[in-house]
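In this note's numbering, the protein residues as written are 22 to 791.
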């Protein structure tokens, strides 16, 4: 190439972006500023001519060989060059370019120049990549078909949808070969007017797996103008899941009417053949439909019910409850197991158990005749009541039999002893009277003890509940217990840390522990170990639910355990029953454990027995924990008060003449002035008079106004007056703390005269009126 030609060409290229001219004989490549910028070369060097190696050195290694082959093709006969490739610049950046060129040849067809242009398509490639990713993720394949050609430009996703190897160009035959129908996917689609093509669906057989799939195609026909090519561009995507759902929907739709008809028949069969009452009631309580079962069960045909309110058929006593339940049902609340009585056409009544559901303002009722069940339940209840009554009578018979036996023995000692004393006095034989008097008194004390045990069992004995130091009480009893147990039985006492004070009557608790120790000793005739333990025990809601006889809360547990013979389960079940004993006749009354059980239950606690034959028995007493405000009662004997009087006036109110006369006589012997009354009515004049009264002794169980009510009236008339109650059995006086006010005290019948005298002296000593 001549210098003038080079100058002319360079001047021509100055106005075009990215132009180059390769002088083949000289081996130099000339480029403009844009070319130099794209290749990362100085503009001056590119204008002066670069070695051809500079052209290839900037091409990306992955594209280098492909471009060399294409350039070689131009040098050896190809007229045109058109390629897209990547450039790698010195800073590491990668740039996509599109290059187009042609070769100039001399008369001998030798290439003398290779010139062309190139453009930066980096951004275009990025957009294409994003589109490719989007198409792949969305399952969309794209195509472009030019009418008359045998190939189609496609995306890789297009190929994947048809089961073909991903490529950029596919033969038209390969595409149409995947269709199952005779209608081709693309042929002829570009023939016609330009515009959007309608939506089409095709079934294909994937080329790779043979699987049948459904493809949807949508495209657009384009005409590039007169003489231009007709093109068809569009996209396909897999619609197999939708076609499957559509097929299932069509199948379901095809059978829906048949199913509805079958369900209707089934509902009618249930409605017509149900043994229960079925009914539809509107919000006003009017029957809208009724099943044939109404005629079978209640004698009414459905047409006799429809249009009438349900209130016409419900027993009047059940109307109020039925109306309330119906109102709830109307509020769309499903109800169940509501029972009322419905009228039968014969005039009788039938018990019906109802369940309801509500829909669209209508109440659907389902009723079952439970009349027979009601009658059976009533008969069973009567039988159970009769059985309970029979059991009560048996228990009463056992109780009265035991009482009669024991009291007859004691009365024999009392009556016989007194009778002998009377005879000896009549005969003047006075030397041996004390022996018979002592025997009678001993029998009387035994009878009194039996009465106290009976009251303990019935939970009606007079108690004085206070906060008791359980640990201190048991420690104070150890000497007594050791003497009682004897040498063959060892005593072990175990205390947990910080045992709470318990609510109890200290005297009754001492008696209970001693009684249990004696029972344990008798259960170990050959000796053994007796363990008395105390610890805190908490009954939370969960634990208390397993013991319905005890309320949840804090308790102090006192256990008495022996290593004796133990008891079988049937004996344990009866151990707390009155007069039940495993001891030989004459060695036990059978009231010991029942007395302990009654005492513990009366105090608000619980007692339980654990026993195993051959291993021993443990009896546990659970006493309520004392509140922090209660004083701890120590086991200290009170000082004996003098019973001698000095003329004080005591009003005695007792409806039993012999008891009243005895008390008055004792008072006279002690130096008191005694006033007496047989009832509250006869006592009031004394209380309203001006004569001085220092103390009132009254029976609790008086006719008319009882002793406690009389005491309140006496306090109104004479404030601060001391009141001493005498009781043999009075349920209201069972717990002293709830019964007694300040300045009041109590003594239980029967009592020794010395005890009465001491109690009177004690009260008068602290009385403000004495």
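Note that beta-carbon positions come from the ideal geometry of N, C-alpha and C, so glycine has one too.
Nearest-angstrom Cα separation, counted from residue j out to residue i
| i | j | result |
| --- | --- | --- |
| residue 479 | residue 406 | Below a pLDDT of 50, predicted positions are generally treated as unreliable, and residue 479, at 48, falls in that range; no measurement from the model is reported. |
| residue 452 | residue 442 | 11 Å |
| residue 579 | residue 547 | 25 Å |
| residue 655 | residue 494 | Model confidence at residue 655 stands at a pLDDT of 47, short of 50, so the residue's coordinates are unreliable and nothing is read from them. |
| residue 161 | residue 241 | 16 Å |
| residue 101 | residue 136 | 10 Å |
| residue 606 | residue 718 | Low confidence applies to residue 606: its pLDDT is 42, below 50, so where it sits in the model is not reliable enough to give any reading. |
| residue 738 | residue 522 | 40 Å |
| residue 63 | residue 132 | 27 Å |
| residue 404 | residue 362 | 24 Å |
| residue 353 | residue 381 | 9 Å |
| residue 1 | residue 770 | Any property of residue 1 remains undetermined from this structure, which presents the chain solely from 22 to 791. |
| residue 122 | residue 103 | 7 Å |
| residue 535 | residue 639 | 14 Å |
| residue 477 | residue 642 | Residue confidence for residue 477 is low, a pLDDT of 47 falling below 50, so the modelled location carries little weight; the figure read from the coordinates is stated next. Spanning the two alpha carbons is a distance of roughly 15 Å. |
| residue 709 | residue 732 | 13 Å |
| residue 588 | residue 637 | 8 Å |
| residue 297 | residue 312 | 9 Å |
| residue 694 | residue 668 | 6 Å |
| residue 551 | residue 542 | 8 Å |
| residue 328 | residue 565 | 55 Å |
| residue 507 | residue 633 | 24 Å |
| residue 618 | residue 706 | 44 Å |
| residue 595 | residue 784 | 43 Å |
| residue 343 | residue 379 | 16 Å |
| residue 333 | residue 325 | 12 Å |
| residue 458 | residue 486 | 36 Å |
| residue 358 | residue 289 | 25 Å |
| residue 532 | residue 496 | 14 Å |
| residue 385 | residue 630 | 55 Å |
Option in the options with minimal Cα separation from residue i
| i | options | result |
| --- | --- | --- |
| residue 623 | 630, 554 and 645 | 645 |
| residue 505 | 523, 540 and 494 | 540 |
| residue 763 | 562, 744 and 43 | 744 |
| residue 574 | 566, 568, 582 and 561 | 561 |
| residue 189 | 180, 195 and 196 | 180 |
| residue 782 | 692, 712, 232 and 565 | 692 |
| residue 130 | 95, 140 and 42 | 95 |
| residue 173 | 256, 128, 148 and 106 | 256 |
| residue 4 | 97, 104 and 275 | Limits of the chain in this structure are 22 at one end and 791 at the other, which puts residue 4 out of reach. |
| residue 775 | 687, 769 and 724 | 687 |
| residue 233 | 200, 60, 46 and 243 | 200 |
| residue 251 | 331, 348 and 170 | 170 |
| residue 723 | 379, 704 and 120 | 704 |
| residue 345 | 458, 553, 306 and 565 | 306 |
| residue 742 | 501, 303, 714 and 448 | 714 |
| residue 244 | 236, 253 and 711 | 253 |
| residue 671 | 260, 712, 499 and 400 | 712 |
| residue 194 | 206, 184 and 202 | 206 |
| residue 9 | 221, 141 and 134 | As displayed, the chain neither begins before 22 nor continues past 791, which places residue 9 out of reach and without an answer. |
| residue 260 | 275, 220 and 628 | 220 |
Anticipated Cβ contact below 8 Å, residue i with residue j, distance rounded
| i | j | result |
| --- | --- | --- |
| residue 549 | residue 584 | 4 Å |
| residue 555 | residue 582 | Contact doesn't hold; Cβ gap of about 12 Å is too wide. |
| residue 675 | residue 592 | Not confirmed; about 44 Å, so no contact. |
| residue 138 | residue 39 | 6 Å |
| residue 577 | residue 491 | 6 Å |
| residue 512 | residue 501 | Actually they are not in contact, since the Cβ atoms of residue 512 and residue 501 sit about 11 Å apart, beyond 8 Å. |
| residue 110 | residue 48 | Not a contact, Cβ separation roughly 24 Å. |
| residue 222 | residue 198 | Contact doesn't hold; Cβ gap of about 18 Å is too wide. |
| residue 81 | residue 118 | Going by Cβ atoms, the distance from residue 81 to residue 118 rounds to 10 Å, so no, they are not a contact pair. |
Heavy atom of the ligand GTP within 7 Å of residue i beta-carbon
| i | result |
| --- | --- |
| residue 148 | Annotation note on the ligand GTP: not contained in the displayed structure, which lists no ligands. |
Exercise for review: Let me know the beta strand (DSSP E) ranges lying completely inside the stretch 509-582, each 3 residues or longer, listed in chain order.
Suggested key: 510-516, 523-525, 549-560 and 574-582
Review point. Can at least three beta-carbon pairs, one atom from the stretch 389-408 and one from the stretch 326-342, be found at a separation below 8 Å?
Key: Output reads no: the stretch 326-342 does not touch the stretch 389-408.
Check your understanding: Using 8 Å as the threshold, is the stretch 678-686 in touch with the stretch 696-713, meaning 3 or more CB pairs across them?
Key -> Flag = yes, the stretch 678-686 and the stretch 696-713 touch.
Practice item. Please determine if the stretch 259-273 and the stretch 189-205 are in contact, where contact requires at least 3 C-beta pairs separated by less than 8 Å. Key: Below 8 Å, too few C-beta pairs join the stretch 259-273 and the stretch 189-205 to call them touching: fewer than three.
Point to revise | beta strand (DSSP E) runs contained entirely in the stretch 116-144, provided each spans 3 or more residues | key: 132-141
Exercise for review: Report yes or no: do the stretch 308-321 and the stretch 364-382 share at least 3 C-beta pairs separated by less than 8 Å?
Suggested key: yes
Review point. So does the stretch 83-90 actually touch the stretch 56-75, counting three or more Cβ pairs closer than 8 Å?
Key: no
Point to revise | 3-residue-minimum beta strand (DSSP E) runs that sit fully inside the stretch 336-397, ordered along the chain | key: 356-364, 370-380 and 383-390
Point to revise | Complete runs of the alpha helix (DSSP H) confined to the stretch 698-763 [at least 4 residues] | key: 701-709, 728-738 and 757-760
Exercise for review: Just list the alpha helix (DSSP H) runs in the stretch 44-111, keeping only unbroken ones of 4 residues or longer that don't cross its boundaries, in chain order.
Suggested key: 54-60, 64-69, 73-78 and 82-96
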